[in-house]
Amino acid sequence: MTRTDTAPLLAGSANRRPGRRIRLPVETGSIVALAVLVAMLGWLSPVFLQPANLLSVLGQAALPGLLAIGMVFVLATREIDLSAGAVFHLAATSTALLMVAGVDPWLAALAGVVAGAGLGLINGLLMIALRLPALLVTLGTWWMIQGLSLVAGRGQTIVPPGADVLATLSGKAFVFVPAAGVVFTVLALAMHVVLHRTRFGYRLQAVGSNPRAATYAGIPTGKVKVLTLVLMGAMAGLAGVIHIGAQGAVAPGDGGTFALLAIAAAIIGGTSLSGGNGSVIGAAIGMLALQTILSAMTLLGVDAIWAAFTTGALVVLALAVDRMTRLWRERRADRARDNALG
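Those letters in the sequence shown? Residues 17 to 358, per the numbering used here, in order.
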């Protein structure tokens, strides 16, 4: 017969009763950062808190935010896609060229999304065939896609006819809410469910947590990684199509910083570069925080030429935060292991 020791622990005993820990959602940091930013900017310039300005920030965050949603899935598998910004631009360019050629705007838009997904598929197949990480593969395809986009558009701004038809995707929903912001919000919620409530989401998190164990468990790790890159490409393609509707044109430099913004937003939102988990909602909030900073620069009169420097600094800051968070978790795990061993 087994006897269970239920005697209370003595004060000062080495075997302390484990305390109840409060586990905060991974999105907590990004929510707090966004709230502090909004409060601080509202204090500096009350105009920032006007509903029209806040909705404008949501609309501006929508396009890079779509890329951030896809980037969460890629990062959760321990991979990264550097070509997302170029895919965005080529999808927008191909959509615009098809419209110039007389193709129906909605068919051209569908072709743009498919083109983005196709480029993601090419990235994934190259990664599998060359047995290289997506970081290296997409570094090369980034230049290729960017060059192809410039060749196709002849390095000039393309103004397609009938772009006002696609303005439905970037106009106003419910009279005053940016339609792109609505698309961004709905997709963020849907992809959050996909990541945390579907078999595909569980599989990709398993691949990111321990690829070898996932393989032993029968999960096709290569297929899962390819699908995440296809999803990333489709998101970038959709963002490119909405961009055509919003701007009515596509210029050579459009979307150049979107990939970096997407990576930074995902990390700020709680998705780690070490893979295994991610938060689509956190990435969406992270993108809102980044866009708030960039919008505040304009509102406070900072010269626009500092935007590129600020974007790079935010990426470095996000990487530093990710590294510090990982070290803190490792030290906490080591301390817990030492306490368990006595």
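Backbone N, C-alpha and C define an ideal beta-carbon position, used for all residues, glycine too.
TODO: Measuring alpha carbon to alpha carbon, tell me which of A336, A324, A352, L306 ends up nearest V54.
DONE: Translated into positions along the sequence shown, residue 54 becomes position 38. The option with the nearest alpha carbon to V54 is L306.
Open item on the list: Can you tell me whether T18 is buried or exposed? The criterion is at least 16 other CB atoms within 10 Å of its CB, across all chains shown.
Closed with: Working through the sequence shown from its first residue, we reach residue 18 at position 2. With a pLDDT of only 42 at T18, under the threshold of 50, the placement of this residue in the model should not be trusted; the figure read from the coordinates follows. A residue is called buried once 16 or more other Cβ atoms fall within 10 Å of its Cβ, and T18, having fewer, is exposed.
- [ ] Could you tell me if D97 is buried or exposed, where buried requires 16 or more neighbouring beta carbons within 10 angstroms of its beta carbon?
- [x] Working through the sequence shown from its first residue, we reach residue 97 at position 81. By the Cβ neighbour-count rule, D97 is buried, with 16 or more other Cβ atoms within 10 Å of its own.
Task: A204 beta carbon less than 7 Å from that of V296 - done: Stepping through the sequence shown from its first residue, residue 296 is reached at position 280. Stepping through the sequence shown from its first residue, residue 204 is reached at position 188. Cβ distance < 7 Å, so V296 and A204 count as in contact.
TODO: Please say whether L57 and A262 have beta carbons closer to each other than 7 Å?
DONE: If you number the sequence shown from 1, residue 262 lands on position 246. If you number the sequence shown from 1, residue 57 lands on position 41. No, they are not a contact pair.
Task: Inter-residue spacing [alpha-carbon to alpha-carbon] between A324 and F274 - done: Sequence index remark: in the sequence shown, residue 324 carries index 308 (1-based). Sequence index remark: in the sequence shown, residue 274 carries index 258 (1-based). For A324 and F274, the distance between alpha carbons rounds to 11 Å.
Task: Complete runs of the beta strand (DSSP E) confined to the stretch 131 to 170 [at least 3 residues] - done: Correct list: empty.
Open item on the list: Can you look up V116 in the DSSP assignment and give me helix, strand or coil?
Closed with: Taking the sequence shown and counting its residues from 1, one reaches residue 116 at position 100. Residue state, collapsed to three classes: helix.
Open item on the list: Suppose the cutoff is 6 Å on Cβ atoms and the five residues either side in sequence are ignored; what does the same chain contact list for G264 look like?
Closed with: As a position in the sequence shown, residue 264 is number 248, starting the count at 1. Cβ within range, chain order: A179.
TODO: Give me the Cα-Cα distance between P227 and S99, rounded to the nearest whole angstrom.
DONE: Within the sequence shown, residue 227 is the residue found at index 211, counting from 1. Within the sequence shown, residue 99 is the residue found at index 83, counting from 1. One C-alpha to the other measures close to 23 Å.
TODO: Measure the alpha-carbon distance for L310 versus D354 and round it to whole angstroms.
DONE: One-based indexing of the sequence shown puts residue 310 at position 294. One-based indexing of the sequence shown puts residue 354 at position 338. Take the alpha-carbon of L310 and the one of D354: they are about 45 Å apart.
Task: A131 beta carbon less than 7 Å from that of A107 - done: The count along the sequence shown starts at 1 and reaches residue 107 at position 91. The count along the sequence shown starts at 1 and reaches residue 131 at position 115. With respect to the 7 Å criterion, A107 and A131 are classified as neighbours on the basis of their beta carbons.
TODO: Measure the C-alpha to C-alpha separation of T20 and G249 and round it to an integer number of angstroms.
DONE: Numbered from its first residue, the sequence shown carries residue 20 at position 4. Numbered from its first residue, the sequence shown carries residue 249 at position 233. Model confidence at T20 stands at a pLDDT of 43, short of 50, so the residue's coordinates are unreliable; what they give is reported in the following sentence. Whole-angstrom Cα-Cα distance: 57 Å.
- [ ] Tell me whether M340 is buried or exposed, calling it buried when 16 or more other Cβ atoms sit within 10 Å of its Cβ.
- [x] Taking the first residue of the sequence shown as position 1, residue 340 is located at position 324. That one is exposed.
Open item on the list: Just to confirm, is the Cβ distance from V209 to G136 under 7 Å?
Closed with: Here residue 209 corresponds to residue number 193 of the sequence shown, with the count starting at 1. Here residue 136 corresponds to residue number 120 of the sequence shown, with the count starting at 1. No; because the gap between Cβ atoms is not below 7 Å, this pair is not in contact.
Task: Distance between W122 and A49 (C-alpha atoms, nearest Å) - done: Residue 49 sits at position 33 when you count from the first residue of the sequence shown. Residue 122 sits at position 106 when you count from the first residue of the sequence shown. Taking the straight line from one Cα to the other gives about 39 Å.
Task: Continuous alpha helix (DSSP H) stretch holding M213: start and end - done: Locating residue 213 in the sequence shown gives position 197, counting from the first residue. First, the amino acid is wrong: residue 213 is Arg here, not Met. Unbroken alpha helix (DSSP H) run through R213: 195 to 213.
TODO: Whole angstroms is fine: what's the gap from V199's alpha carbon to T308's?
DONE: As a working mapping, residue 199 is identified with position 183 in the sequence shown. As a working mapping, residue 308 is identified with position 292 in the sequence shown. Computed Cα separation, rounded: 19 Å.
- [ ] Starting from N69, trace the alpha helix (DSSP H) both ways and give me its first and last residue.
- [x] What you label residue 69 is simply residue 53 of the sequence shown in a count that begins at 1. DSSP places N69 inside the alpha helix (DSSP H), whose first and last residues are 67 to 92.
Task: Counted within 10 angstroms of its Cβ, other Cβ atoms place V129 as buried (16 or more) or exposed - done: On the sequence shown, residue 129 is found 113 positions in, with the first residue counted as 1. Buried, because 16 or more other Cβ atoms sit within 10 Å of the Cβ of V129.
Task: Sequence-distant residues of its chain with Cβ nearer than 7 Å to A334 (five each side left out) - done: Counting from 1 along the sequence shown, the entry for residue 334 is found at position 318. Take A334, set aside five residues on each side of it, and the residues of its chain with a beta-carbon closer than 7 Å to its own are A280, I283, I284, in chain order.
Task: Outcome for T44 when other beta-carbon atoms lying within 10 angstroms are tallied against a minimum of 16 - done: For the purposes of this step, residue 44 is taken as residue 28 along the sequence shown, with counting starting at 1. Counting Cβ neighbours within 10 Å, T44 comes out exposed, since fewer than 16 surround it.
Open item on the list: Comparing C-alpha positions only, which one of A233, G163, L166, F64 sits nearest to L315?
Closed with: The sequence position of residue 315 within the sequence shown is 299, counting from 1. Of the candidates A233, G163, L166, F64, the residue whose Cα lies closest to the Cα of L315 is F64.
Task: K241, buried or exposed, once every other Cβ within 10 Å from all chains shown has been counted against 16 - done: Here residue 241 is taken as the residue at index 225 of the sequence shown, counted from 1. Burial call: buried.
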